[in-house]
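Reading through the structure tokens given below for one structure.
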Amino acid sequence: MKGTNTMGLLKDRVAVLAGVGVDLGTALARVFAAEGAQLVLAARSEDTIRDLASEIVDMGQKCIWQCTDITEADACKALVERTESEFGGLDILVNNAVWPHGDGPLADANLEDWHTAMNVNFLGALTMTQAAIPALRRREAARIIMVSTIASRAHYPTAGPYSSSKAALNSVTKTLAKELGPDGIRVNAVIPGWIWGPTAQGVLTQWGEAEGATLDEMRVRYEQETALHYLPKAEEIAKVAVFLASELSNPVTGHLLDANAGQWM
């Protein structure tokens, strides 16, 4: 993406992207950088963020990376401290970490899966946010963006750990918006559904094989569940996050923004 044209909606803003992996995390980094943001990429493993940071630097934007377990308070504090040391401040926090496992009914569940989902998807986001609040308060019109999921609204019967933990994230988004509003900090969530990319393709391929259906047939089936009859790509969801991170959304806080082509209304 070297030489990508940019509107500069996030020019010179410093953003921590917590939970950067394939699909949406990578798209967030590329799109934020294209809009002028300086980036700090965080994930438990360096597998994605090391090479992605080099790519962002090649685009002409300053970018660093740090392996971070968001369930550990000291790790989150260290990430924020390094961000302020390297960039002079922090304007935007995006909580994108996810643990989507533990499918199955509660009656048969291993409750450790529920604990893990809550620990990463909900408490991990809170741990990262708590560490970032002092730095965000030192900036003007800072932003916190939670990445949730349509499962938090649709309540699929066998996705209890994932959907419940993200539903809790939706709720705390509104709580934090009220808590941090007097500091000028906007807190919002983006709620995607299916994101057409490697992860969705892998899941739908597996489901299709169990039914004797091709990936294309599965894609068409799930497209029909959306009002717009298509499955958005990660880059499109990332652009919604840019809106929430930019001054275009100044009047918006405590909002859960569905970005799923009308899969849920």
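Mapping of the sequence shown onto this note's numbering: position 14 corresponds to residue 14, and the numbering continues sequentially without gaps. Backbone N, C-alpha and C fix where the C-beta goes; we use that ideal spot for every residue, glycine too.
With fewer than 16 neighbouring CB atoms inside 10 Å of its own CB, Y156 falls in the exposed class.
When DSSP states are grouped into helix, strand and coil, N119 belongs to the helix group. Taking a contact to require three or more Cβ pairs closer than 8 angstroms, the stretch 82-101 and the stretch 109-125 qualify as touching.
Taking one beta carbon from each stretch, the stretch 11-21 and the stretch 67-86 have 3 or more pairs nearer than 8 angstroms; the two touch. Closest option to G25, judged by alpha-carbon separation, among V252, K233, E247 and L248: K233. When secondary structure is reduced to three states using DSSP, D258 falls in the strand class. Following the DSSP letters along the chain, one finds M146 inside the beta strand (DSSP E) bounded by residues R143 to V147. One Cα belongs to K77, the other to V242, and the distance between them is close to 24 angstroms. For W207, no beta strand (DSSP E) segment is defined; the enclosing uninterrupted segment is the alpha helix (DSSP H) at P198 to E211.
According to DSSP, residue pairing for K233 in a beta bridge involves W196.
The DSSP-derived three-state label of V57 is helix. A distance below 8 angstroms separates the beta carbons of T173 and L256.
Residue environment: E112 is assigned as exposed (fewer than 16 neighbouring CB atoms within 10 Å of its CB, all protein chains considered). At the C-beta level, T129 and L93 come within 8 angstroms of one another. The three-state secondary structure of A33, taken from DSSP, is helix.
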